[in-house]
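Undergrad: Got a structure for you, written out below as structure tokens; questions coming shortly.
In the numbering used here, the protein residues as written are 603 to 787.
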């Protein structure tokens, strides 16, 4: 042990008698609650988006693995196969979620969004297109699983967009939300 360490241990009480001023604590508080939170939030959003994409891809992998075990891969020419109610339900649900998604994206245009977040949204779109391709090739009777995965993908995207929008509104309360200022006739 060096002389300095011994001196500090022997005189510890004399070192601990001073308390930081309130000004020091206020500076720490400003740094913690300031712009530093934005970086942490974008990291969380990226993690959430990766986790959501992984869940969708994992679900798709499990689905395809189960299909390969059955050794029956008949190609269905249409989305519905022989069930005429499925395309109407699917189109209706897709229109609803697409509208909700576009509404959230439109609201985010008022804010400056990290380009990495836009890349994450593009990844979701790619997964969505892959699911739609799989839906067209789905074996008879298994279309509902893929439609469910597509709906979950939309729900995840909308949920993430809502969280990002809430965070942006918290960080930038001065930015006007066009939707709140509109009047419906």
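From the three backbone atoms N, C-alpha and C, an ideal C-beta is built for every residue, glycine too.
Quick check: the segment 757 to 773 against the segment 688 to 698, are there 3 or more CB pairs under 8 Å?
TA: no
Undergrad: Could you say which of 769, 657, 732 lies nearest to residue 709 if we only look at CA atoms?
TA: Of the candidates 769, 657, 732, 769 places its Cα closest to the Cα of residue 709.
Undergrad: Do residue 726 and residue 655 have their beta-carbon atoms positioned less than 8 Å apart in this structure?
TA: yes
Undergrad: Tell me whether residue 749 is buried or exposed, calling it buried when 16 or more other Cβ atoms sit within 10 Å of its Cβ.
TA: buried
Undergrad: Roughly how many angstroms lie between the CA atoms of residue 665 and residue 712, to the nearest whole one?
TA: 39 Å
Undergrad: Going by beta-carbon coordinates alone, are residue 731 and residue 658 separated by less than 8 Å?
TA: no
Undergrad: How big is the Cα-Cα spacing for residue 786 and residue 696?
TA: Note on residue 786: pLDDT 47, under 50, position unreliable in the model; the coordinate value appears next. Distance between the alpha carbons of residue 786 and residue 696: 25 Å.
Undergrad: If you check the beta carbons only, do residue 722 and residue 623 fall under 8 Å apart?
TA: no
Undergrad: Please report how far the alpha carbon of residue 667 lies from the alpha carbon of residue 775, in whole angstroms.
TA: Roughly 48 Å separates the two Cα atoms.
Undergrad: Is it true that the CB of residue 734 sits closer than 8 Å to the CB of residue 753?
TA: Judged by beta-carbon spacing, residue 734 lies beyond the 8 Å limit of residue 753, meaning their Cβ atoms are not closer than that value.
Undergrad: Judging by CA-CA distance, which residue of 715, 703, 746 is the nearest neighbour of residue 757?
TA: 703
Undergrad: With C-beta atoms as the reference, is residue 767 less than 8 Å away from residue 706?
TA: yes
Undergrad: Return the chain-ordered list of same chain residues with a C-beta closer than 6 Å to the C-beta of residue 613, the five sequence neighbours on each side being excluded.
TA: None.
Undergrad: Apart from the five residues on each side of it in sequence, which residues of its chain come closer than 6 Å, Cβ to Cβ, to residue 759?
TA: Only 703, 726 meet the Cβ criterion.
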